[in-house]
Amino acid sequence: MSKIKNDSKQNAKNIFSMRLKNALKDNNLSHLTYKELGRFFDVTDVAAHNWLNGKGMPAMTRLPEIAKKLSVSVEYLMPVKTHQVEEVYLDDEQVLLNNYRQLSKTQKQLFGALVKELV
386 MSKIKNDSKQ NAKNIFSMRL KNALKDNNLS HLTYKELGRF FDVTDVAAHN WLNGKGMPAM
446 TRLPEIAKKL SVSVEYLMPV KTHQVEEVYL DDEQVLLNNY RQLSKTQKQL FGALVKELV
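Every number in my numbering is 385 more than the matching position in the sequence shown, counting from 1.
Here's what the structure looks like:
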């Protein structure tokens with residue numbers, strides 16, 4: 386049971402890390418050093434390093450502040466709860482999702498408007 390719990394915690398850290406990297410990229414902040422990111426988030430450079438490398442996560446109480454600075458929702462940054470089952474995507478859906486993640490913030494807004502028109 387302990388191994389499963391540890392795997393779930395590591396999975397949550399990896400998800401947070403991936404989403405943080407995507408949000409930094411969308412905000413043209415992915416070039417910042419750990420020290421600069423630490424200043425941006427008001428944490429140590431070690432904490433910034435750990436967040437980006439799946440070795441740590443911020444306290445849940447800090448997520449609203451981080452989300453606001455990156456113009457994303459808390460729900461986006463927050464990893465799935467350990468008791469939730471991860472969604473399974475069809476191959477076409479996964480390709481679409483991966484491509485969407487590569488879009489700039491402006492392109493994502495345009496894509497969202499297009500989808501609203503189609504639905």
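Think of the CB as a built atom: it goes at the ideal place given N, C-alpha and C, for glycine as much as any other residue.
Nearest-angstrom Cα separation, counted from residue j out to residue i
{"i": "tryptophan 436", "j": "leucine 495", "result": "30 angstroms"}
{"i": "glutamate 472", "j": "phenylalanine 401", "result": "Confidence at glutamate 472 is low in this model, with a pLDDT of 48, below 50, so the placement of that residue should be treated as unreliable; the coordinate-derived value is given next. Answer to the nearest angstrom: the Cα atoms are 16 angstroms apart."}
{"i": "glutamine 395", "j": "threonine 491", "result": "32 angstroms"}
{"i": "histidine 434", "j": "valine 500", "result": "36 angstroms"}
{"i": "histidine 416", "j": "glutamine 479", "result": "27 angstroms"}
{"i": "glycine 423", "j": "alanine 452", "result": "15 angstroms"}
{"i": "methionine 445", "j": "leucine 409", "result": "19 angstroms"}
{"i": "phenylalanine 425", "j": "aspartate 477", "result": "37 angstroms"}
{"i": "arginine 447", "j": "asparagine 484", "result": "29 angstroms"}
Exposure of residue i, with buried meaning 16 or more beta-carbon neighbours within 10 Å
{"i": "methionine 442", "result": "buried"}
{"i": "valine 428", "result": "buried"}
{"i": "lysine 481", "result": "The question names lysine, but residue 481 is leucine in the sequence shown. Answer is exposed; the Cβ neighbour count stays below 16."}
{"i": "leucine 455", "result": "buried"}
{"i": "leucine 488", "result": "exposed"}
{"i": "leucine 503", "result": "exposed"}
Contact set for residue i: own chain, Cβ-Cβ below 6 angstroms, skip 5 residues either direction
{"i": "asparagine 399", "result": "Gly439"}
{"i": "asparagine 339", "result": "Absent from the structure is residue 339, since the part of the chain shown begins at 386 and ends at 504."}
{"i": "proline 449", "result": "Val459"}
{"i": "glycine 497", "result": "none"}
{"i": "valine 328", "result": "The requested residue 328 is not part of the displayed model; the chain covers only 386 to 504."}
Beta-carbon contacts of residue i that lie in its chain and below 8 angstroms, excluding the five residues immediately before and after
{"i": "arginine 486", "result": "Asn407"}
Sequence-distant residues of the same chain with beta carbon closer than 7 angstroms to residue i, five excluded per side
{"i": "tyrosine 419", "result": "Asp430, Ala433 and His434"}
Any chain D beta carbon closer than 7 angstroms to residue i
{"i": "glutamine 395", "result": "No chain D appears in this structure, which consists of one protein chain only."}
Expected contact under 8 angstroms - CB spacing of residue i and residue j to nearest Å
{"i": "leucine 462", "j": "leucine 405", "result": "7 angstroms"}
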